[in-house]
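As structure tokens, the structure follows; a few thoughts come after it.
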Amino acid sequence: MRILVTGASGSGTSTLGRALAEMSSWPHFDCDDYYWLPTIPPFATKRDGAARLSLLLDALSKTAQAVVSGSVINWGSELEDSFSLIVFLTVPASVRIERLRKRELAHLGHADPVFLEWAAQYDEGKLGGRSLAKHRQWLSARSCQVLPIEGEVAITHFVGLVVAALPNPSLNADVPCVWAPPTHGAAG
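Written out as structure tokens, the structure reads:
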């Protein structure tokens, strides 16, 4: 079983991915580790698309269960259609940008205004790259179920929503994912 946690930059995909992996004892794979070449400063040079796909698929081939966080739009159907469940996080832009600003200051010592501007326009999709419309279109083409989670709440609540959506709440069975969305705390 593979779970993908995706959404806009700053929506909490990596945080929820790590929390799910820790709770389940599954490995966690962050797409940023495959999308970007390791550089100083980080996130400066994109890795070739075929190379990043190959690296991530190779890592995933070594485990039956995994949690992946980030966006895999246009990475390739072999990866994009390999998930048992996709969790789609949406958070208001003001919350996302403040999270990103704090993260950038903590890790890099400064917040890149170009990156923050790009991240802020996700809902409208005015600039290239990820956007809400592109994510929704991509999600509609997936063969597995999608669990949309909207808002800003404690990560433990998000973990609970995902676990409740799985057919085996212990997260230790490698079974196909069939779920019914929770009736509260999540929105489509």
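In numbering that gives the first Met the number 0, the protein residues as written are 0 to 187.
The C-beta atom is built at its ideal place from N, Cα and C for all residues, glycine as well.
Could you pull the start and end residues of the alpha helix (DSSP H) that residue i belongs to?
i	result
His156	154–164
Met22	12–23
Glu123	Unbroken run through Glu123: none, as it is neither H nor E.
Ser139	131–139
Ser76	76–79
My assumption, with CB atoms under 8 Å, is that residue i sits in contact with residue j. Please give the rounded CB distance.
i	j	result
Trp25	Ala58	At roughly 12 Å, the Cβ-Cβ gap does not stay under 8 Å, so Trp25 and Ala58 are not in contact.
Val158	Met22	6 Å
Arg95	Ala118	6 Å
Quick check on the DSSP output: the beta strand (DSSP E) that includes residue i runs from which residue to which?
i	result
Ala65	65–68
Across which residues does DSSP place residue i in a beta bridge pair?
i	result
Thr247	Lying outside 0 to 187, the shown extent of the chain, residue 247 is not represented and no answer is given.
Trp35	Lys45
Pro147	Phe87
Phe114	In the DSSP output, where bridge partners are listed per residue, Phe114 has none listed.
Phe28	Val67
Closer than 7 Å: is that where the CB of residue i sits relative to any heavy atom of the ligand ADP?
i	result
Ser23	In the structure on display, the ligand ADP does not appear, and there are no ligands present to speak of.
Let me know the secondary structure DSSP gives residue i once reduced to three states.
i	result
Ile96	helix
His109	coil
Asp57	helix
Ser142	coil
| request: Mind the definition here: the region 8–27 touches the region 78–96 only if three or more C-beta pairs lie below 8 Å; say whether that holds. | output: yes
| task | Give a yes or no on contact between the region 29–38 and the region 96–115, applying the rule of three or more CB pairs nearer than 8 Å. | result | no
| Is the region 137–152 touching the region 68–83, taking contact as three or more C-beta pairs under 8 Å? | Short answer: they touch.
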